[in-house]
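Only one structure is covered here, and it is reproduced in the block below.
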Amino acid sequence: MVRLIAAGRTEKGHARPNNEDGLLIRPPLYAVADGMGGHQAGEVASRMALEALVIHEPDPRFAPASLVQAVGAANERVYTRSREHPEWSGMGTTLTAALWDGQRLHLAHVGDSRAYLLEPGSALRQLTRDHSVTSELLESGLISPEAARLHPQRHVLTRAVGVAPSVEVDVITVDVVPNARILLCTDGLSGVITPDEMAQVLARPLPPERQVSLLVRWANLRGGPDNITVLLLTAEEVRP
């Protein structure tokens, strides 16, 4: 039997005037969001999306369908508010949410925030696919991974919550083994810290809160060019 221990942190970094990221830890529901839009609309979008998840309260017994429905509700809420308030026009947010059913973790994903899985004896694996211009170019073989990291359109999304009346949601379900770690993060981390570097921190025998702090600190040492949000789920074996 396994239980999840959650630790998370969000910071604005060194370059942005405010934090447009959002973080949700409300077991069995977890999520990160990275808002976008002028006049602090990004902050509004990420907050609204996470609030909608809580209000909708997806049921683990009916996952992943209940989680996808909750993300759909978040999309409708953000989109409707952006239409009602001209100053929020065009706002949107990434959203990577996880719902734990006691054995498996169900992920619903839109945008370029990410989920990674680190299992004992294995390499860190990215579970989600970025919905971005550079990701599509990379998958088509038109650019290299190195070029993608420096591409001028690397932050341009092809899919986001709240920018259209409906949204397509990627769904991923993973079995969780004891001592596995699932990392949810915004691109303030993944844009400056490599997967190998993330794995180095996660492999260290430290409390989850300390691992999260080290990842955030490392991103800030790399310049902190964006808001940084890290949510770490650690699978702890529970003996009968």
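Counting from 386, one number per residue, gives the positions in the sequence shown under the working numbering.
Each residue gets a CB set at the ideal place from its N, CA and C atoms; glycine is no exception.
Taking 9 Å as the cut-off, the Cβ atoms of residue 512 and residue 492 count as close.
When C-alpha distances from residue 459 are compared across 470, 446, 481, the shortest belongs to 481. In this model, residue 496 and residue 589 are separated by some 29 Å (Cα to Cα). When DSSP reads this structure, residue 526 sits in no beta bridge, so it has no partner. Scanning the region 558-594 for uninterrupted beta strand (DSSP E) segments of 3 residues or longer gives 566-570, listed from N- to C-terminal end. Between the alpha carbons of residue 571 and residue 431 lies a distance of about 12 Å. The residues 596, 599, 600, in chain order, have a CB closer than 6 Å to that of residue 586 in the same chain once the five nearest residues on each side in sequence are set aside. DSSP, read as helix, strand or coil, puts residue 448 in coil. In the DSSP assignment, the residues bridged to residue 517 are 542. Scanning 398, 400, 545, 435 for the CA closest to the CA of residue 414 turns up 435. Separation of the CB atoms of residue 574 and residue 528 is rounded to 22 Å, and the pair is thereby denied contact status at 8 Å. For residue 494, the enclosing beta strand (DSSP E) begins and ends at 489-495. Between residue 615 and the set 608, 621, 578, 624, the nearest pair of CA atoms involves 578. Here residue 609 is not near residue 418, since their CB atoms are 9 Å or more apart. Here DSSP, grouped into helix, strand and coil, assigns residue 459 to helix. DSSP places residue 607 outside any beta strand (DSSP E), giving it a letter other than H or E.
Per the coordinates, the alpha-carbon of residue 618 lies some 32 Å from the alpha-carbon of residue 466.
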